[in-house]
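Report on one structure; see the data block that follows.
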Amino acid sequence: MYRKKRPFYPGNLQLSKTGRVRRSCQRLQHPLPLIWMSNTLAFIIMAQFICAKELSMTKENETTYTTAVTETLNRHASVRSFIDKPIPHKMLNAILNAARRSPTGSNMQTYSIIVVRDFEMRQKLAVLAGNQKHIEQCDVFVGFLADISRLALVSQMHNQPFAKTLETTLVATVDAALVGMSVQTAAESFGLGAVMVGGIRNQPKAVAELLNFPSGVYMVFGMSIGWPADGAIPDPLKPRLPEAAVIHYEQYHHGEQRPFIDQYDAELAEFYNQQKRNQHPAAWSGPIANRLNKPVRPHLREELEDLGFCF
1 MYRKKRPFYP
11 GNLQLSKTGR
21 VRRSCQRLQH
31 PLPLIWMSNT
41 LAFIIMAQFI
51 CAKELSMTKE
61 NETTYTTAVT
71 ETLNRHASVR
81 SFIDKPIPHK
91 MLNAILNAAR
101 RSPTGSNMQT
111 YSIIVVRDFE
121 MRQKLAVLAG
131 NQKHIEQCDV
141 FVGFLADISR
151 LALVSQMHNQ
161 PFAKTLETTL
171 VATVDAALVG
181 MSVQTAAESF
191 GLGAVMVGGI
201 RNQPKAVAEL
211 LNFPSGVYMV
221 FGMSIGWPAD
231 GAIPDPLKPR
241 LPEAAVIHYE
251 QYHHGEQRPF
261 IDQYDAELAE
271 FYNQQKRNQH
281 PAAWSGPIAN
291 RLNKPVRPHL
301 REELEDLGFC
311 F
């Protein structure tokens, strides 16, 4: 007599002795359990979906956006004390070549980089920069040059006049600054320490003569790079002006700076107290005002014009 097979519940898959996969089945006496299980399974899937969605929303609200690059930037501190340990040539080369990918105005690439490892040369540069000893102590001193000499050559190659303007001076200066920032970030990502040296503009013509610059080249700033000595990086890091003081959305917000300056004076004073450094009670605004109460490098424009730049 023919008997209709009852519904079955698929169980675990098992491997037979012959190597075939066989299904272990559990016979059910009535189809209702299947319906119940289907509904239950659907409910479980829906519950998991809802929980996952809620979880993703929670995670989105709690997300902090960070990468290796932002972490490197957030760890930045100027380092002026180094140990006597050489930077591998290949590491330095990797840093400099990565920086060559920096943005540049109209692809003119109006910059050059000069690398100085010779100790006697670094001694001379240290004097020209105001006797900054870290230039002698570092393993390598790198100069970032505004360089419009190639533009003059390009114009000559194509029998065109070279109209030097303030714009070319600005573009070259910005190009050099962008490359310098990239070098510092790349160096710090390898664990090196660095400090930018604006004092190299104290005597730009003397620097140009020492390093054999052609007309149309000046050093915007230099950088001492090396392996940091113990304690060279402050902990905590020096605070910066409040975010709201320097970041404006849609339009510049006038008249809101004084509270931020007062706040920063207090925060910086606390930082200096922790560092056992006696500073002006208005720790930021006081020294800045004192610095700017007379012209800084008043001869700079004249010397840069002598070096082939236009203002």
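Going by our numbering, the sequence shown opens with residue 1, and the numbers climb by one from there. For every residue, glycine included, the Cβ atom is placed at its ideal position computed from N, Cα and C.
Under three-state DSSP, which class holds residue i?
i	result
Asn293	coil
Asp139	coil
Met91	helix
Leu145	strand
Ser285	helix
Ile200	helix
Ile373	Any property of residue 373 remains undetermined from this structure, which presents the chain solely from 1 to 311.
Gly105	helix
Ala327	One cannot answer for residue 327 here, as it falls past the ends of the chain, which runs 1 to 311.
Phe82	strand
Ser112	strand
Ala163	coil
Do you know offhand how far residue i's Cα is from residue j's?
i	j	result
Ile35	Tyr249	Its pLDDT being 43, under 50, Ile35 is placed unreliably in this model, and the value from its coordinates should be taken loosely. Looking at the two C-alpha atoms, the distance is approximately 58 Å.
Lys133	Asn159	47 Å
Asp265	Trp284	5 Å
Leu137	Asn212	Strictly speaking, residue 137 in this sequence is Gln, with Leu absent from that position. Taking the straight line joining both Cα atoms gives about 23 Å.
Val179	Ile261	30 Å
Pro214	Leu128	19 Å
Leu210	Gly143	13 Å
His89	Leu192	13 Å
Val174	Gln263	31 Å
Leu151	Ala245	38 Å
Gln94	Pro259	With the sequence shown as reference, residue 94 is identified as Ala, and Gln is not the correct amino acid for it. Spanning the two alpha carbons is a distance of roughly 44 Å.
Ile148	Val220	13 Å
Glu267	Pro161	53 Å
Gln184	Ala194	6 Å
Pro242	Gly308	39 Å
Arg122	Arg277	29 Å
Gln274	Lys238	11 Å
Arg80	Ala232	7 Å
Gly216	Glu303	12 Å
Residue i lies in the alpha helix (DSSP H); which residues open and close that run?
i	result
Ala186	Leu166 to Ser189
Val127	Phe119 to Leu128
Val207	Pro204 to Leu210
Ala68	Ala68 to Asn74
Arg301	Leu300 to Asp306
Could you say if the stretch 167-174 and the stretch 65-75 meet the contact criterion of at least three C-beta pairs nearer than 8 Å? no
Which runs of the alpha helix (DSSP H) fall wholly inside the stretch 218-257 and span at least 4 residues, in chain order? 243-246
Looking at C-beta atoms only, is the number of pairs between the stretch 292-304 and the stretch 195-215 that lie closer than 8 Å three or more? yes
Counting Cβ pairs, one atom from each stretch, are 3 or more of them under 8 Å apart for the stretch 139-154 and the stretch 223-238? yes
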